[in-house]
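Undergrad: My structure is below; once you've seen it, I'll send some questions.
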Amino acid sequence: YRKYSKLVESLKRDEHYTVEEKSKSVPLTEEGTERVEELLGIDNLFDYENSDAAHHVANALRAKECYRNDIEYVVKDGEIVIVDEFTGRLMFGRRYSDGLHQAIEAKENVKIRSEDQTLASITFQNYFKMYTKLAGMTGTAATEEREFREIYGVDVVVIPTNKPIARLDQPDLIYKDEKCKFEAVLGDVIENHQAGRPV
Numbered sequence: 410y411r412k413y414s415k416l417v418e419s420l421k422r423d424e425h426y427t428v429e430e431k432s433k434s435v436p437l438t439e440e441g442t443e444r445v446e447e448l449l450g451i452d453n454l455f456d457y458e459n460s461d462a463a464h465h466v467a468n469a470l471r472a473k474e475c476y477r478n479d480i481e482y483v484v485k486d487g488e489i490v491i492v493d494e495f496t497g498r499l500m501f502g503r504r505y506s507d508g509l510h511q512a513i514e515a516k517e518n519v520k521i522r523s524e525d526q527t528l529a530s531i532t533f534q535n536y537f538k539m540y541t542k543l544a545g546m547t548g549t550a551a552t553e554e555r556e557f558r559e560i561y562g563v564d565v566v567v568i569p570t571n572k573p574i575a576r577l578d579q580p581d582l583i584y585k586d587e588k589c590k591f592e593a594v595l596g597d598v599i600e601n602h603q604a605g606r607p608v
């Protein structure tokens, strides 16, 4: 893992590889593939016998470009700890799979732990079906009522609010392009800020 982490440090963004932020993938360019083959002393990175090397290079590039310290993970007591993207909480005991966690450990120069091996997996639906009684609460179950009935065989009961709903549902606003949309948002922010309302 450390070998590949060092190798990708010599590669340049937009010359040897591109970064696709949305999918968190970092494909090599033709020049990048040739450079990696040269550094590894192999003829074809994508030959079957080089599939491990290709996999390690891909993970090392993802670790370098898409996974940032203090954003997607933190280094705590010599270990990589994943940060929950929704809550910001540290997820102790959780690890990225498929060698990515080891690539991040190599990048951060901490002890590289072996990959976990998944021996069995189960879908949430099949896991929940193992219970004889099933119940739950959420504010969004009514929209998925049919799914709850078909998959789990349970009904959805809507509990009315204790007080009348004060929310006003406004009609959708549609703009011809992104620029117009952001100008409208900015105008709304300025108006509310001047009125002393939090934005």
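Oh and the sequence shown: position 98 is 507 in my numbering, straight run, nothing missing.
Ideal Cβ positions, reconstructed from N, Cα and C, are used throughout, including at glycine.
This one's a predicted model, so the numbers in the text were calculated from it and none came from an experiment.
Ignore the nearest five residues each way along the sequence and tell me which others in residue 444's own chain have a CB closer than 7 Å to its CB.
TA: These residues qualify, in order along the chain: 420 and 425.
Undergrad: Hey, quick one: how far does the alpha helix (DSSP H) through residue 433 stretch, first residue to last?
TA: First-last for residue 433: undefined, no H or E at that position.
Undergrad: Assuming residue 582 and residue 561 make a contact with CB atoms under 8 Å, what is their CB distance in whole Å?
TA: 38 Å between Cβ atoms; not a contact.
Undergrad: Assuming residue 477 contacts residue 509 (C-beta within less than 8 Å), just tell me the rounded distance between them.
TA: 14 Å between Cβ atoms; not a contact.
Undergrad: Closer than 8 Å: is that where the CB of residue 468 sits relative to any heavy atom of the ligand MN?
TA: Because no ligand of any kind appears in the structure shown, any question about the ligand MN cannot be addressed here.
Undergrad: Whole angstroms is fine: what's the gap from residue 610's alpha carbon to residue 475's?
TA: Outside the displayed range of the chain (410 to 608) lies residue 610, so it cannot be described from this structure.
Undergrad: Have a look at the DSSP bridge pairing and note the partners of residue 500.
TA: According to DSSP, residue 500 bridges with 491.
Undergrad: Return helix, strand or coil for residue 422, following the three-state DSSP convention.
TA: Three-state result, residue 422: strand.
Undergrad: Apart from the five residues on each side of it in sequence, which residues of its chain come closer than 8 Å, Cβ to Cβ, to residue 519?
TA: Contacts found: 484, 487, 488 and 489.
Undergrad: With DSSP run on the structure shown, which of helix, strand or coil describes residue 485?
TA: Of the three classes helix, strand and coil, the one that applies to residue 485 here is strand, per DSSP.
Undergrad: Between the alpha carbons of residue 448 and residue 416, how many angstroms are there, rounded?
TA: Each residue's Cα considered, the two are about 8 Å apart.
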